[in-house]
Structure formats: structure tokens, C-alpha cells
Amino acid sequence: MKNFYLLVSLCFCLSLSYNCSHDDIQAYEENAKYREAGAYLKNNFDFTLFYAAIEKTGLLEEINTKKGITIFAPNNKAFNAQGIYHVSDFDNLNVDSLRIMLNYCILDQVIISNTIPAGSIDDRYHTVAGLDVFISKFDNGWTKTSYVNGVTITYPDQIVANGVVHTIENVLKYTDGTVQDILTARNEYTYFVAALKKFGYWDQLANPGSWMLLAPNNDQFEKNGITLSDIEAMNPAHYKKRLFGCYVFKSQIFTTDLGVVSTGGTQSFTVPIEGDETCTSGINAGYGSGAVGFYRESNSVWSSISIKPLYKVNYLSSNGIVHNLDGLFALPSNALISTIQQ
Numbered sequence: 047m048k049n050f051y052l053l054v055s056l057c058f059c060l061s062l063s064y065n066c067s068h069d070d071i072q073a074y075e076e077n078a079k080y081r082e083a084g085a086y087l088k089n090n091f092d093f094t095l096f097y098a099a100i101e102k103t104g105l106l107e108e109i110n111t112k113k114g115i116t117i118f119a120p121n122n123k124a125f126n127a128q129g130i131y132h133v134s135d136f137d138n139l140n141v142d143s144l145r146i147m148l149n150y151c152i153l154d155q156v157i158i159s160n161t162i163p164a165g166s167i168d169d170r171y172h173t174v175a176g177l178d179v180f181i182s183k184f185d186n187g188w189t190k191t192s193y194v195n196g197v198t199i200t201y202p203d204q205i206v207a208n209g210v211v212h213t214i215e216n217v218l219k220y221t222d223g224t225v226q227d228i229l230t231a232r233n234e235y236t237y238f239v240a241a242l243k244k245f246g247y248w249d250q251l252a253n254p255g256s257w258m259l260l261a262p263n264n265d266q267f268e269k270n271g272i273t274l275s276d277i278e279a280m281n282p283a284h285y286k287k288r289l290f291g292c293y294v295f296k297s298q299i300f301t302t303d304l305g306v307v308s309t310g311g312t313q314s315f316t317v318p319i320e321g322d323e324t325c326t327s328g329i330n331a332g333y334g335s336g337a338v339g340f341y342r343e344s345n346s347v348w349s350s351i352s353i354k355p356l357y358k359v360n361y362l363s364s365n366g367i368v369h370n371l372d373g374l375f376a377l378p379s380n381a382l383i384s385t386i387q388q
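The structure is reproduced here in C-alpha cells:
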């Protein structure tokens, strides 16, 4: 299963979130008056593409007959963001990989939103695909929002005869490879990969662990006049570690995690850059706001850059997470050892 992508343009699933003022559903009880999961999805216009994928992979009977399941179902807009607009678009995907993707959206237990502990961050739940998903919940007493793998649930607790369906706003992206595999599978990160290799960060990203990468795409390098040839011509000894060390973290954080612990203000995760500790980088986020990458030098030079778009964040692998970054923290001219004032 190495390097199959639970979501090449799909990786759907998993996220619980809601804003509500009414009383929570207290418990799930199997009830014949509801339709089976498959029938419910088929008759819901928001799930046209998700249902088509279920049908194509032969999973319809399973989700109709299996008892006590939870389905995290991306709506049509979630698929559209990944380039899936028509049922025929699934013909371009490997059926076996697609089936694994779908099974990653299904838990063999019922998870109603009110059973998720308030304030929990990245609690593990096992999926039918044999892999874990990570569920978190924000709850300040009047607003409640739950997430799976950093994806928000927009419409939770849709009860079906054999379980529950939660609508999610984005597809979940997972590979059983490493963060290296996430980057190399996407041509938009060739400049970043070249920089990580040139400056000695690449090899460690194949190791087990919990890595997080804020990954500038190729456009961000080109906007600043940096080419692949420029990167290859650089001598790492001439630059401070801040140049590319600011994008590599030994922690695994989904973009929504910091919002879970927010009580209205901005929450931050920042760490000193290894080998260049006068600089720090990380993520700032608050509930209801998008996450931004954050970089600061000792002389108070700082920058914040959006971690977006939403469909290009929270790429999960076996050893970490990759988030697309819409800019560069530091330019080569700012990181040259001869020009840095300490």
C-alpha cells in the first residue's frame, strides 16, 4: 500500500463540526424508521459525488448492511475543490485506491458529536481502512465545533438506520508514505524539495516521527525571482539556518488544533529555528480564523503568511503533516551571513 494516496483528488473524510444553540442529541439508537446510509446519501443532492464513488467501488451493500457505523462525507463542493466535478471524473482514479479512500471515511462505531469530549485535540479513532483519524472539539459553552484531521464538520449528526453521517467541508488527504512522498507527488513543490535537499533537511523527513512542514509552492519562489538554478547554486554555508529551517518542525499540528484551545484570542505555536535560535517560526490561529505561518527575528523583523487555500492544507502522512504556505518567510538576501546584524 506504499505511496497510495488516500485522496489524490479526493481523500475525503472525517471531520466533525457544528455551531448550535439547541440541545445536543443525547445518544444514538438504532431505529428502523430511518433510511440506511446508502439510501440517505443517494437522496441527498449534496452527496452526489460521494455516493457515486461509493457505488463505483462496490461499497454500497456494506454501508447499507453494516451496523453501527459513522460516515464522514465530503459534500460536492469539497470534491470540486479537488478537481472532481462529474461522476465520470472517478474513471481516472484507480478503483482499489478509491475504495481504500472511502473506507478511510468510515468508522465501525457510532460517534455522535456530543460524545466527543470538549477541548479534546487529535484523539485517535480507528477506521475501516485500518488507519487512524484524529478528532478534536472546540466548545466554549455556546459554540461547538468538531474536526477530523483538521477538517471542519459543517452538518453533524445526520442519523441513518445503521449509524450516523457527518458532512465535512473538505476532503481528507492521507498517504501511508511520508511527508517526502506528499511533496514529491506534487509538482508544485519542486523548488521547496530542491531547497530541502540542498540545505540538508530532506533525508531526516524519511524517518519515523511527527513532522510538520509549511511548504511554499513554486509560485512563491518565482514571485521572488528565485529559480531552481538559483537554489542549486547556493552554498548552504553562506546562509543562516533561518532561510529554510523556518519551514520544518518536529511537531504534528493540524491547522484547526490551535483554534480548539482558543477562548477568543489568537493562539500560537512557535519554536526557535534549530541552529539559528535568534529566530522563531510557527503557526498563529484563533477560533473562526484561518491559520497563518509566523516568522520573527530577534531584531523584531517579522512576517505572517496565510496557510491556504483550505484544500491544500492538512496533508497527513505516516510521519507528519504538510501545509501549503502562500509566501516565503525569508529571502536569500535577508539570510546571508555577511549581511545579518546580530
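With positions in the sequence shown counted from 1, the corresponding number in our numbering is that position plus 46. Positions of the beta carbon are idealized from the N, C-alpha and C atoms, including for glycine. None of the values given here were measured: they were computed from a predicted structure.
When the Cα atoms are used, what is the spatial distance from residue 181 to residue 313?
Rounded to the nearest angstrom, the two C-alpha atoms are 19 Å apart.
Quick one: grab the DSSP three-state call for residue 204.
Correct three-state label for residue 204: strand.
Tell me which residue opens and which closes the beta strand (DSSP E) that residue 141 is part of.
Counting along the chain, residue 141 falls outside any beta strand (DSSP E), though it belongs to the alpha helix (DSSP H) covering 141-149.
Taking DSSP as the reference, what is the three-state secondary structure of residue 272?
Coil, per DSSP.
Measuring CB to CB, does residue 194 end up less than 8 Å from residue 368?
No; because the gap between Cβ atoms is not below 8 Å, this pair is not in contact.
Taking 8 Å as the cut-off, does the region 164-171 touch the region 182-189 (at least 3 CB pairs, one atom from each stretch)?
Cβ pair count under 8 Å is three or more, so yes.
With distances taken between CB atoms, is the gap from residue 92 to residue 122 smaller than 8 Å?
Yes, they are a contact pair.
What does DSSP give as the partner residue(s) for residue 366 in the beta ladder?
257, 363, per the DSSP bridge assignment.
Would you identify the three-state DSSP class for residue 72, choosing helix, strand or coil?
Residue placement at residue 72 is flagged as unreliable, the pLDDT there being 46, under the threshold of 50; a coordinate-derived value is accordingly withheld.
If we ignore side chains and look at the alpha-carbon of each, how far apart do residue 177 and residue 382 end up?
Using only the alpha carbons, I get a separation of about 44 Å.
I believe residue 83 touches residue 208 by the beta-carbon criterion, under 8 Å. Please report the beta-carbon distance rounded to the nearest angstrom.
So it is a contact: roughly 6 Å between Cβ atoms.
Report, in whole angstroms, the separation of the C-beta atoms of residue 360 and residue 219, which I expect to be a contact under 8 Å.
Their Cβ separation, rounded to whole angstroms, is 6 Å, which keeps residue 360 and residue 219 in contact under 8 Å.
Give me the Cα-Cα distance between residue 321 and residue 287, rounded to the nearest whole angstrom.
Whole-angstrom Cα-Cα distance: 6 Å.
Tell me which same chain residues have a C-beta within less than 7 Å of the C-beta of residue 68, skipping the five on either side of it?
The pLDDT assigned to residue 68 is 35, lower than 50, so where the model puts this residue is not dependable, and the model offers no usable value.
With a CB to CB cut of under 8 Å and the five nearest residues on each side skipped, what residues in its chain are close to residue 236?
Closer than 8 Å at the Cβ level, and outside the excluded window around residue 236, lie 264, 274.
By the three-class DSSP mapping on this structure, what secondary structure does residue 338 have?
Residue 338 falls in the strand class under three-state DSSP.
For residue 307, which option in 158, 190, 128, 85 has the closest C-alpha, if you only look at C-alpha atoms?
For residue 307, the nearest C-alpha among the options comes from 190.
Which same chain residues, not among the five before or five after residue 284, have their C-beta less than 8 Å away from its C-beta?
Here the set comprises 382, 383, 384.
The alpha helix (DSSP H) that contains residue 111, what's its start and end?
First-last of the alpha helix (DSSP H) with residue 111: 106-111.
Quick one, are the C-beta atoms of residue 156 and residue 210 less than 8 Å apart?
In contact: residue 156 and residue 210 (Cβ atoms closer than 8 Å).
If you count every other CB in all the chains shown that lies within 10 Å of the CB of residue 317, and 16 or more means buried, which is it?
Looking at its Cβ environment, which holds fewer than 16 other Cβ atoms inside 10 Å, residue 317 is exposed.
My output table needs one value for residue 372: the three-state DSSP class, helix, strand or coil.
Coil, per DSSP.
Let me check one thing: in DSSP terms, what residues is residue 212 bridge-paired to?
In DSSP, residue 212 forms a bridge with 118.
Residue 218 by DSSP, collapsed to three states: which one?
Looking at residue 218 - three-state DSSP - the assignment turns out to be coil, as it is neither helix nor strand.
Please state the DSSP three-state secondary structure of residue 172.
Strand, per DSSP.
Can you grab the Cα-Cα spacing for the pair residue 117 / residue 342, in whole Å?
Roughly 42 Å separates the two Cα atoms.
What residue range is occupied by the uninterrupted beta strand (DSSP E) comprising residue 194?
It spans 190-194 - the beta strand (DSSP E) in which residue 194 sits, taken as one unbroken run.
Measuring alpha carbon to alpha carbon, tell me which of 303, 258, 292, 245 ends up nearest residue 282.
Of the listed residues, the one whose Cα sits closest to residue 282 is 245.
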